[in-house]
Amino acid sequence: MPAPSAFAFPDEASELLRSCVHCGLCLGACPTYRENGNENDSPRGRLYLMKGLADGRLQPTGAVAGHLDLCLDCRACETACPSGVHYGRILESTREELLRARPPGGVGRFLRALFFKQLFPHHERLALLVKALGLLQRSGLRDFLRRSGAVEHLPQRLRDLEAMQPDLAEPPFREHAPAVFPAFGGPPRLRVAFFSGCVMDLVMGGIHRATVKALQAHGCEVLSVPGQACCGALMFHAGEAEAGRSLARRNLQMFEGLGVDAIVNNSAGCGSTLKEYAELLPGDSRAKEFSARVRDVSELLAGLEPVAPLRPVPLTACYDAPCHLLHGQKISAQPLAVLRRIPELKLVELPDADFCCGAAGIYNLTQPEMSWKILARKVEALKQTGAQTVLTGNPGCILQLRQGCREAGLACDVRHPMELLARAVVDPSGA
Ligand code: SF4
Ligand code: SF4
């Protein structure tokens, strides 16, 4: 008889665990198993470990936690699984319990408190931090610190963080957005609310403006929604579910009663979580209603035609599918269908475009070694395409691919698909 575990595994996750029949058909889809061939770092192996924790056959030791921490939560195994195992939900429930059973100490606890409690839930603090970073960049101090070698003295994780910081040349989105962006070409076909999120709102304002322009060009009136919060994806993936739920409730409040046809977003990771609010807040009717309205921008645009002909964008590009769009939301054809409407855009195939790039939220900071191995494969595949541009619809993947290309000396521009689409749009105002 196994000893009762101190690990309080939730009933829902225990139930889901039983759907795995150990067939192993998911193994070939798993990026970590592909790298090290260790069954414990495969979906089947990890499910076995989680079942062991649930049954009390295993204790939440460092070794067990290590195999689960090495998982990207990319959910490629879900797409590959013929039995419909809801791996992501099981993993996130397990991580929540592991956090209780093995609370992190020292630097780990400090960083979790800093990111998940002090920074991400407070947009104004994030905005201040981004402004300070922008000042550092514009003053030339960042370049000086890099050239002088001072950055090399930082601890590895801070060095990685520093290397990944985006160039903050563009203004943020929400701060400068009007309340309503009118549809181009006459009365709106659809009225949509735009989810602009937290970090992306502040550091990728240009991608948001391009997305709104693409929506306008397809006849959508777009609302900018003040007071919205981070979607909570990073928290849910890291086992900090209560912090995530609190952000989700704030978003439900801010998007309530807008009378819109859809809530549109352009970040695969955020969109996947927004669509799961109904599951993450069971019994909350507002969450159910909210999730039912969430659409990735490519999903929405695939069902609409542009109100005016698009102009040519003569480029060779390839598309890298973000995991939380492909596996989390099961959206594969729509981004390509929308891009194929752009005259003179030549799309070439990227080998293994359905494999993770190693970004996976903050995985590239918590598991840098595995993240780099996975990224190196992706960059090799990019080299084979000869594409001038690689397109991907997730901010973390954009930063990860940019860093990979930079390190490899590969002159491949990394863009969000909406940036390319916006280039093809003829704005009636001439802007
Ligand atoms: S997760 Fe699915 S594919 Fe993988 S071993 Fe279990 S049943 Fe088979
Ligand atoms: S989520 Fe991704 S990394 Fe984790 S087990 Fe599944 S395929 Fe492997």
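Counting from 1, one number per residue, gives the positions in the sequence shown under the numbering used here.
Just so you know, even glycine gets a beta-carbon here, dropped at the ideal spot from N, CA and C.
- Task: Please list the segments of the alpha helix (DSSP H) lying wholly inside the stretch 178–213, counting only runs of 4 or more residues, in order along the chain.
- Result: If we require 4 residues or more, the alpha helix (DSSP H) runs fully inside the stretch 178–213 come out as 199–203.
- Message: Using a strict less-than 6 Å threshold between each residue's beta carbon and the heavy atoms of ligand 2, what residues do you get?
- Response: Counting only beta-carbon distances shorter than 6 Å to the non-hydrogen atoms of ligand 2, the qualifying residues in chain order are Ala29, Cys30, Pro31, Thr32, Pro43, Arg46, Cys71, Leu72, Asp73, Cys74, Arg75, Ala76, Cys77, Tyr87.
- Residues in its own chain within less than 7 Å of glutamate 256 by CB, not counting five upstream and five downstream? Start at 1 with the first residue of the sequence shown, and residue 256 comes out as number 256. Taken in chain order, the residues that qualify are Arg286.
- Helix, strand or coil for arginine 295 per DSSP? Indexing the sequence shown from 1 puts residue 295 at position 295. Arginine 295 falls in the strand class under three-state DSSP.
- Message: Is histidine 22 close to ligand 1? I mean its beta-carbon at under 6 Å from any heavy atom of the ligand.
- Response: Taking the sequence shown and counting its residues from 1, the one referred to as residue 22 is at position 22. Of the heavy atoms belonging to ligand 1, at least one sits nearer than 6 Å to the Cβ of histidine 22.
- The alpha helix (DSSP H) enclosing aspartate 352, as first and last residue numbers: Your numbering for residue 352 matches position 352 in the sequence shown. Element bounds for aspartate 352: n/a, residue is neither H nor E.
- Query: Which class does arginine 258 belong to by DSSP, given the choice of helix, strand or coil?
  - Reply: Indexing the sequence shown from 1 puts residue 258 at position 258. Here residue 258 turns out to be leucine, not arginine, going by the sequence shown. The DSSP-derived three-state label of leucine 258 is coil.
- Query: Between which two residues does the alpha helix (DSSP H) harbouring arginine 109 extend?
  - Reply: In the sequence shown, the residue the question calls residue 109 occupies position 109. Taken as a continuous stretch (DSSP letters only), the alpha helix (DSSP H) holding arginine 109 covers 106–112.
- Task: Please check the pair aspartate 201 and phenylalanine 236, which I expect to be a contact at CB under 8 Å, by giving their CB distance rounded to whole angstroms.
- Result: Counted from its first residue, the sequence shown places residue 201 at position 201. Counted from its first residue, the sequence shown places residue 236 at position 236. About 19 Å; that fails the 8 Å criterion.
- Item | Straight-line Cα distance separating aspartate 320 from arginine 245 | Within the sequence shown, numbered from 1, the residue matching residue 245 stands at position 245. Within the sequence shown, numbered from 1, the residue matching residue 320 stands at position 320. Rounded to the nearest angstrom, the two C-alpha atoms are 30 Å apart.
- Query: What are the residues that DSSP puts in a beta bridge with arginine 174?
  - Reply: To locate residue 174, count along the sequence shown from 1; it is residue 174. Answer is none; arginine 174 lacks a bridge partner.
- Query: Does the Cβ of serine 14 lie closer than 6 Å to at least one heavy atom of ligand 1?
  - Reply: Residue numbering aside, residue 14 sits at position 14 when the sequence shown is read from its first letter. It does not: the Cβ of serine 14 is nowhere closer than 6 Å to a heavy atom of ligand 1.
- Item | arginine 415, enclosing beta strand (DSSP E) - first and last residue | Reading the sequence shown from its first residue, position 415 is the one you call residue 415. Segment 413–415, the beta strand (DSSP E) holding arginine 415.
- Task: For leucine 111, verify whether its CB is less than 6 Å away from any heavy atom of ligand 1.
- Result: Here residue 111 refers to the residue found at position 111 of the sequence shown. Closer than 6 Å to some heavy atom of ligand 1: that does not describe the Cβ of leucine 111.
- How is the alpha helix (DSSP H) around glutamate 124 delimited, first residue to last? Translated into positions along the sequence shown, residue 124 becomes position 124. 123–138 is the span of the alpha helix (DSSP H), which, as asked, contains glutamate 124.
- Message: In whole angstroms, give me the CA-to-CA distance for valine 130 and leucine 25.
- Response: Against the sequence shown, residue 130 aligns to sequence position 130. Against the sequence shown, residue 25 aligns to sequence position 25. When rounded, the distance between both Cα atoms is 44 Å.
- Message: Measuring only the C-alpha atoms, how far is aspartate 261 from phenylalanine 290?
- Response: Along the sequence shown, read from residue 1 onward, the residue named residue 261 stands at position 261. Along the sequence shown, read from residue 1 onward, the residue named residue 290 stands at position 290. Rounded to the nearest angstrom, the two C-alpha atoms are 11 Å apart.
- N- and C-terminal bounds of the beta strand (DSSP E) containing threonine 316: By 1-based counting over the sequence shown, the position of residue 316 is 316. Run containing threonine 316: 315–319, per the beta strand (DSSP E) assignment.
- Work out the CA separation of phenylalanine 116 and alanine 238 for me, nearest whole Å. Along the sequence shown, read from residue 1 onward, the residue named residue 238 stands at position 238. Along the sequence shown, read from residue 1 onward, the residue named residue 116 stands at position 116. C-alpha separation (whole angstroms): 9 Å.
- Who are the Cβ neighbours of alanine 229 in its own chain at under 8 Å, not counting the five residues just before and after it? Residue mapping note: residue 229 aligns to position 229 of the sequence shown, counting from 1. If we look at alanine 229 and ignore the five residues flanking it on each side, its Cβ neighbours are Pro121, His123, Cys198, Leu247, Arg250, Asn251, Met254.
- Between cysteine 270 and the rest of its own chain, which residues show a CB-CB distance below 8 Å, the 5 nearest in sequence each way excluded? Numbered from 1 along the sequence shown, position 270 holds the residue referred to as residue 270. Phe195, Gly197, Met200, Cys231, Ala233, listed in sequence order.
- Task: Report back the beta-carbon spacing between glutamate 344 and proline 314 to the nearest angstrom; my notes put them in contact at under 8 Å.
- Result: As a first step, residue 344 must be located in the sequence shown, where it is residue number 344. As a first step, residue 314 must be located in the sequence shown, where it is residue number 314. Contact holds; Cβ gap of about 4 Å.
- Is the beta carbon of leucine 25 within less than 6 Å of some heavy atom of ligand 1? Taking the sequence shown and counting its residues from 1, one reaches residue 25 at position 25. Because some heavy atom of ligand 1 lies under 6 Å away, the Cβ of leucine 25 counts as near it: yes.
- Can you say whether glutamine 156 is buried or exposed, counting buried as having 16 or more other CB atoms within 10 angstroms of its CB? Residue 156 sits at position 156 when you count from the first residue of the sequence shown. Classification for glutamine 156: exposed.
- Message: Let's test the definition: count the other Cβ atoms within 10 Å of the Cβ of glutamate 299 and tell me whether it reaches 16, buried, or not, exposed.
- Response: What you label residue 299 is simply residue 299 of the sequence shown in a count that begins at 1. So glutamate 299 ends up on the buried side.
- Message: For the stretch 102–115 against the stretch 67–87, do three or more pairs of beta-carbon atoms, one drawn from each stretch, fall closer than 8 Å, so that the two count as touching?
- Response: The answer is no - the stretch 67–87 does not touch the stretch 102–115, with fewer than three Cβ pairs under 8 Å.
- Query: Cβ of alanine 183 within 7 Å of Cβ of glutamate 221?
  - Reply: Numbered from 1 along the sequence shown, position 183 holds the residue referred to as residue 183. Numbered from 1 along the sequence shown, position 221 holds the residue referred to as residue 221. Their beta carbons are under 7 Å apart, which means alanine 183 touches glutamate 221 by this criterion.
- Query: Skipping 5 residues on each side, what residues in its chain have a beta carbon closer than 6 Å to that of arginine 189?
  - Reply: Residue numbering aside, residue 189 sits at position 189 when the sequence shown is read from its first letter. Result list for arginine 189: Gly219, in chain order.
- Item | Residue range of the alpha helix (DSSP H) that includes valine 379 | Along the sequence shown, read from residue 1 onward, the residue named residue 379 stands at position 379. Counting along the chain, the alpha helix (DSSP H) containing valine 379 begins and ends at 368–385.
- Query: So, helix, strand or coil for asparagine 251, using DSSP?
  - Reply: Walking along the sequence shown from the start, residue 251 turns up at place 251. The answer is helix: DSSP assigns asparagine 251 an H, G or I state.
- Message: Suppose only complete runs of 4+ residues qualify. What are the alpha helix (DSSP H) ranges in the stretch 6–94, listed by chain order?
- Response: Restricting attention to alpha helix (DSSP H) runs no shorter than 4 residues, the stretch 6–94 encloses them at 11–17, 31–36, 43–55, 62–69, 76–80, ordered along the chain.
- Query: Where does cysteine 220 sit, in a helix, a strand or coil, going by DSSP?
  - Reply: Translated into positions along the sequence shown, residue 220 becomes position 220. Looking at cysteine 220 - three-state DSSP - the assignment turns out to be strand.
- Residues near glycine 205 in its chain [Cβ-Cβ closer than 6 Å; skip 5 each side]: If you number the sequence shown from 1, residue 205 lands on position 205. Excluding positions up to five away in sequence, the list reads Glu170, Pro171, Pro172, Phe173.
- How about glycine 404 and leucine 375: do their beta carbons lie closer than 7 Å? Here residue 404 refers to the residue found at position 404 when the sequence shown is read from its first residue. Here residue 375 refers to the residue found at position 375 when the sequence shown is read from its first residue. Closer than 7 Å, so yes.
- Determine the extent of the beta strand (DSSP E) in which threonine 392 is found, giving its start and end residues. Numbered from its first residue, the sequence shown carries residue 392 at position 392. It is not in any beta strand (DSSP E) - threonine 392 carries neither H nor E in the DSSP assignment.
- Item | alpha helix (DSSP H) segment containing phenylalanine 236, residue limits | By one-based count along the sequence shown, residue 236 stands at place 236. Residues 233–237.
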